[in-house]
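**Q**
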Amino acid sequence: MKKKILIEGMSCNKCVGHVKAALEDLDGVTSVEVSLEGKNAIVETTANDEALKEVIEDEGYDVVEIEVL
1 MKKKILIEGM
11 SCNKCVGHVK
21 AALEDLDGVT
31 SVEVSLEGKN
41 AIVETTANDE
51 ALKEVIEDEG
61 YDVVEIEVL
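The sequence shown begins at 1 in UniProt numbering and counts up one residue at a time.
1) Bridge partners of Leu6, per DSSP?
2) Alpha carbons only, please: which of Leu69, Ala41, Glu8 is nearest the one belonging to Val24?
3) Excluding the five sequence neighbours on either side, which residues of its own chain have a C-beta within less than 8 Å of the C-beta of Asp58, listed in chain order?
4) Is Ile56 closer than 8 Å to Lys3 when the C-beta atoms are compared?
5) By the DSSP assignment, the beta strand (DSSP E) with residue 70 in it spans what residues?
So, in structure tokens, the structure goes:
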């Protein structure tokens, strides 16, 4: 399932790298694209929304919304 995660708090490419790495380490995630400009991540995953939100917030960023694409 493909999901779009709207994220607040990313301000540089290092932030993008932190979010991307955290999501890639999560079980069930098969692909991740993170956009600084779009303030979002597009994730192909079987992980539930709560798990996605938790790994991003553990990195210090805020999840605004998660929608299924």
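For each residue, glycine too, the CB sits at the ideal point set by N, CA and C.
**A** Result, derived from the coordinates:
1) Walking along the sequence shown from the start, residue 6 turns up at place 6. Answer is Asn40, Glu65, bridged to Leu6.
2) If you number the sequence shown from 1, residue 24 lands on position 24. The sequence given here places Glu at residue 24; Val does not occur at that position. Ranking the options by Cα distance to Glu24, first place goes to Ala41.
3) Start at 1 with the first residue of the sequence shown, and residue 58 comes out as number 58. Excluding sequence neighbours, Asp58 sits near Ala22.
4) Residue numbering aside, residue 3 sits at position 3 when the sequence shown is read from its first letter. Residue numbering aside, residue 56 sits at position 56 when the sequence shown is read from its first letter. It is not a contact, given that the beta carbons lie outside the stated cut-off.
5) Absent from the structure is residue 70, since the part of the chain shown begins at 1 and ends at 69.
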